[in-house]
Amino acid sequence: MSFQLETATVASDTLRRVAIDPVSRVEGHGKVTILLDEDNKVHQVRLHIVEFRGFERFIQGRPYWEVPVMVQRLCGICPVSHHLAASKALDLIVGAVRVTPTADKMRRLMHYGQILQSHALHFFHLSSPDLLFGFGSEVGRRNIVGVAQQYPDIAKKGILLRKFGQEVIRLTAGKRVHGTGAVPGGVNRSLTADERKDLLKDAYQMIAWSRDAVRIIKELHQQDPALYDHFGTVRSSFMGLVAPDGSLDLYHGVLRARDADGRILFDQVDYQTYDRLITEEVKPWSYMKFPYFTAMGPAAGWYKVGPLARVQNCDSIPTPFAEHERRELVAYGGGKPLHGSLAFHWARMIEMLFAAETIKDLLHDDDLSGTELMTGGERRREGVGVIEAPRGTLFHHYQVGDDDLVTMANLIVSTTNNNQAMNTAVREVAKQYLDGKEITEGLLNHLEVAIRAFDPCLSCATHALGKMPLEVRLVDAEGTELDRKYKA
Amino acid sequence: MNDSFLLDGEDIPFTPGQTVMQAAAAAGKYIPHLCWHPDFAAHGSCKLCTVKIGGRFATSCTVRAAAGQEVENRTDELDAKRRTLLQLLFVEGNHFCPSCEKSGDCALQATAYELGMLTPHFDHFYPDRPVDASHPDVLLEFNRCILCELCVRASRDVDGKNVFALAGRGTRSHLVVNSDTGRLADTDFAATDRAAAVCPVGVILKKRVGFAVPIGQRTYDRQPISAGLRADDKAGAGFGEAG
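From first to last, the protein sequence lines are chains Y and S. Residue numbering for the first sequence follows the numbering used here, beginning at 3 and increasing consecutively. Residue numbering for the second sequence follows the numbering used here, beginning at 53 and increasing consecutively.
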């Protein structure tokens, strides 16, 4: 099954190829290729993930206790998500079905620190240049330095919000990046009263600044509703974790999905059974897989994850300011889910506010200074850990042998879940803005804006060693194809 | 009254029969080393403890201290040679500190920090060395072996089990387990053996411990290896003399 503009219907060698390589201001390395005819009519658009990682393979044969530390090297922006998802899966291997209250809250604090810093990084450092200056504005100014020069107050808040999130991570994980706080069965540290007090001093300011950030993105929506409501619209199902009571919980819960109109597709699903819900498809032109709901098939079963999915998937947010903002977003949709790519930013800032409020609440909890860090139980051979990473639902699945070595690892990384949605978004934008026009840098940036809205982490999302179809083409100097080999 | 020699210009007392390394350790002076351990006979293989005595190179763990010796230790020339030796050790094995559970307790890593080794410099060998996880309590991660033979000595001389040996020659030298299958599970090795706790790097590891002690709170996180505390000396006795 091919999607419109995924595969050109006319011979590709008669078309002109334009590439955005690399896509900038995203994590990892990807490129977009566009095939145009002589009238600049768009025939094909693809987001390719061109780097290869292979973590799923080289984790095999390693001792399970090493995994939470090793897999977080997937990423320098959201290592905590991989660290925690792996730890949650391996909790089950060591029989820790429920970790201690101290371990649970230390991990939650670490995770919400991660959400705060990652969302701040994405909005202020990566996306605000597009949103504040315009998608086609002067390229030399369209970056965080330009924002710092023209909007110093906004840039400062972004940097300090991120710094606070990283400080939360440092105190819970041991380092700002690639810490080791979570271990199978619990954590290896708790917080002192002084550490909690130090963080609390700034926590209220972070809530205030997060509220400001929500206000900024709402004002941008109001200034240009036509753009913000319709740019890169991708109508699709969406999925995420919710707490058993339906409220937003980014650390733990059950799987829920809705269709494009907001009707529940499934709910209260134990994520240990995720592999019965989701199938991963591979395509020959990208290292990133294409997951879909098995029951709906690849053509109709693809879905979105991430902030916009989560904020519209849950029934409520358990912190007051964020809940107030969620209601406003839902009301803006008039009872129907928003699907515009730029609405991701609005939802992301609501989540940042939720994270800031949750961090404040957790810091008041004395369990964070408890001494019962680890637990265990009857050994198991298999475990699945799922967490809502900043970019969406993250699955870690491991099997471990009696000798303690990992025998199987499967990761469905947040960005992978959004693969089809991102491809659809760039095609929609290409049709809307590029079709028939002379290509300029500013127009091409529109495609990148659509990709950035998903906050993709391309380096996290590519692991399909041994499953990747490979196509090799031999061409002569004139570009004529002499031979082609295809390995499925 | 003891005799004494000069180590980098400092008077170091010694008793007859002591090596330069033993006397320096007793005086709290650090000479970089990996294969030397105060509880075991000197091995002289890693060459990291090479010093200059009267202008000639000598391994301080094997050469006897003598009155009036002038010993150069932490000179730029010697530390540069030590860095090269460390770089060779790093590229001959597979040392991935970021995910290694020994990080912070590893003498190889700590010595590299001490000597300011910033890059591996040489091409990596990337040897193929599968782990041995057959034993219920202990994992063997051969990728990190530096061939110091401390486990060989401890198992043979203290535990009386002779579980380990080096096989192969030259760059193909490698640690092996003395059993018909070559598996640790098929020996009488126990997690309480002296050999289980003597590895200066991350080859012999008690299972299911991993990162229970946070990075940042480990032996060489707290103080550099030159301060004398050993990761395998949990009593914190610091530099020790030969037992």
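Yeah, the Cβ is synthetic: ideal placement off N, Cα and C, and Gly gets one too.
Cβ-Cβ separation, residue j to residue i (assumed contact under 8 Å), whole Å
| i | j | result |
| --- | --- | --- |
| Y/Pro227 | Y/Asn419 | That pair is no contact at about 28 Å. |
| Y/Met112 | Y/Gly183 | 6 Å |
| Y/Met354 | Y/Ser212 | 5 Å |
| S/Val253 | S/Leu160 | 5 Å |
| Y/Gly394 | Y/Gly308 | 4 Å |
| Y/Ile117 | Y/Pro392 | 5 Å |
| Y/Ser239 | Y/Asp272 | Not a contact, Cβ separation roughly 19 Å. |
| S/Ala162 | S/Pro276 | 7 Å |
| Y/Gln119 | Y/Ile171 | 7 Å |
| Y/Val73 | Y/Phe57 | 6 Å |
| Y/Asp406 | S/Lys154 | Y/Asp406 to S/Lys154, Cβ: 16 Å. No contact. |
Sequence-distant residues of its chain with Cβ nearer than 8 Å to residue i (five each side left out)
| i | result |
| --- | --- |
| Y/Phe137 | Gly444, Asn447, His448, Val451 |
| Y/Phe268 | Leu257, Arg258, Ala259, Leu279 |
| Y/Val185 | Trp67, Pro70, Ser89, Met376 |
| S/Arg116 | Gly69, Gln70, Thr71, Val72 |
Contacts around residue i, its chain only, beta-carbon distance under 6 Å, and the 5 residues preceding and following it disregarded
| i | result |
| --- | --- |
| S/His85 | Leu100, Cys101 |
| Y/Val71 | Thr182 |
| Y/Tyr114 | Ala357, Thr360, Ile361 |
| S/Gly69 | none |
| S/Asp211 | Asp245, Arg246, Ala247 |
| S/Ala93 | none |
| Y/Phe166 | Asp204, Met208 |
| S/Gly156 | Ile267, Arg270, Tyr272, Asp273 |
DSSP state of residue i mapped onto helix, strand, coil
| i | result |
| --- | --- |
| Y/Met112 | helix |
| Y/Leu318 | The question names Leu, but residue 318 of chain Y in the sequence shown is Ser. Y/Ser318 falls in the strand class under three-state DSSP. |
| Y/Gln401 | strand |
| Y/Pro24 | coil |
| Y/Phe346 | helix |
| S/Ser155 | coil |
| S/Asp55 | strand |
| S/Lys104 | strand |
| Y/Ala466 | Per-residue confidence for Y/Ala466 stands at a pLDDT of 41, beneath the threshold of 50, marking its modelled position as unreliable; the derived number appears in the next sentence. The answer is coil: DSSP assigns Y/Ala466 none of H, G, I, E or B. |
| Y/Lys203 | helix |
| Y/Gly385 | strand |
| Y/Ile218 | helix |
| S/Val123 | strand |
| Y/Thr409 | strand |
| Y/Tyr305 | strand |
| Y/His50 | strand |
| Y/His31 | coil |
| S/Cys203 | helix |
| Y/Gly148 | helix |
| Y/His127 | helix |
| Y/Arg143 | coil |
| S/His95 | coil |
| Y/Gly167 | helix |
| Y/Ala311 | helix |
| Y/Pro227 | helix |
Own chain residues within Cβ distance below 7 Å of residue i, not counting five before or after
| i | result |
| --- | --- |
| Y/Ser2 | Because chain Y here runs from 3 to 490, residue 2 of chain Y falls outside it and cannot be looked at. |
| Y/Gly78 | Val179 |
| Y/Val44 | Leu7, Ile36, Leu38, Ala432, Lys433, Leu436, Asp437 |
| S/Ala185 | Leu191 |
| Y/Pro24 | His31, Gly32, Lys33 |
| S/Leu59 | Ala76, Lys81, Val123, Asn125 |
Residue i: CB within 7 Å of a non-hydrogen atom of the ligand PLP
| i | result |
| --- | --- |
| S/Leu236 | Within the structure as shown, the ligand PLP is missing, as the structure has no ligands at all. |
Q | Contacting positions in the region 166 to 184 of chain S - beta carbon closer than 8 Å to chain Y | A | Residues of the region 166 to 184 of chain S that bring their beta carbon within less than 8 Å of a beta carbon in chain Y comprise Pro182, Val183, in sequence order.
**Q.** beta strand (DSSP E) runs contained entirely in the region 243 to 269 of chain Y, provided each spans 3 or more residues
**A.** Fully contained in the region 243 to 269 of chain Y are the following beta strand (DSSP E) runs of length 3 or more, in chain order: 256 to 260.
Q | Short-range partners of chain Y found in the region 260 to 272 of chain S, where Cβ spacing is below 9 Å | A | The region 260 to 272 of chain S vs chain Y, Cβ under 9 Å: Arg260, Val261, Gly262, Phe263, Ala264, Val265, Pro266, Ile267, Gly268, Gln269.
Q. Name the residues in the region 227 to 248 of chain S whose C-beta lies less than 8 Å from a C-beta of chain Y; which are they?
A. Residues of the region 227 to 248 of chain S that bring their beta carbon within less than 8 Å of a beta carbon in chain Y are absent altogether.
(Q) What are the residues in the region 186 to 210 of chain S lying within 9 Å of chain Y by C-beta distance? (A) Of all residues in the region 186 to 210 of chain S, only Ser186, His187, Pro188, Leu191, Glu193 come within less than 9 Å of chain Y when Cβ atoms are compared, listed by chain position.
Q | Contacting positions in the region 130 to 156 of chain S - beta carbon closer than 7 Å to chain Y | A | Near chain Y, meaning a CB-to-CB distance below 7 Å, the residues of the region 130 to 156 of chain S are Pro150, Ser151, Glu153.
Q. Which full runs of the beta strand (DSSP E) of 3+ residues lie inside the region 144 to 192 of chain S, going along the chain?
A. For the region 144 to 192 of chain S, whole beta strand (DSSP E) runs of length 3 or above, ordered along the chain, are 190 to 192.
**Q.** Uninterrupted alpha helix (DSSP H) stretches inside the region 217 to 286 of chain S (no shorter than 4 residues)
**A.** Fully enclosed alpha helix (DSSP H) runs of 4 or longer: 271 to 274.
Q.
Any C-beta of chain S within less than 8 Å: which residues of the region 160 to 182 of chain Y qualify?
A. Listed by position along the chain: Gly176, Lys177, His180, Gly181, Thr182.
**Q.** Residues, ordered as in the chain, of the region 386 to 405 of chain Y that lie near chain S by beta-carbon distance below 7 Å
**A.** For chain S, the residues of the region 386 to 405 of chain Y that bring a beta carbon within less than 7 Å of one of its beta carbons are Asp405, in chain order.
Q: Select from the region 67 to 88 of chain Y all residues with a C-beta closer than 7 Å to any C-beta belonging to chain S, and list them in chain order.
A: Those would be Trp67, Glu68, Val71, Met72, Arg75, in chain order.
Q. For the region 184 to 213 of chain Y, which residues have a beta carbon sitting closer than 8 Å to at least one beta carbon of chain S?
A. Taking a C-beta cut-off of 8 Å against chain S, the contacting residues of the region 184 to 213 of chain Y are Val185, Pro186, Asn190, Arg191, listed in chain order.
**Q.** chain S contacts from the region 110 to 129 of chain Y (Cβ-Cβ distance under 7 Å)
**A.** Within the region 110 to 129 of chain Y, contact with chain S at the beta-carbon level (separation under 7 Å) is assigned to no residue.
Q: Identify each residue in the region 286 to 305 of chain Y for which the Cβ-Cβ distance to at least one residue of chain S is less than 7 Å, and report them in chain order.
A: Those would be none; no residue qualifies.
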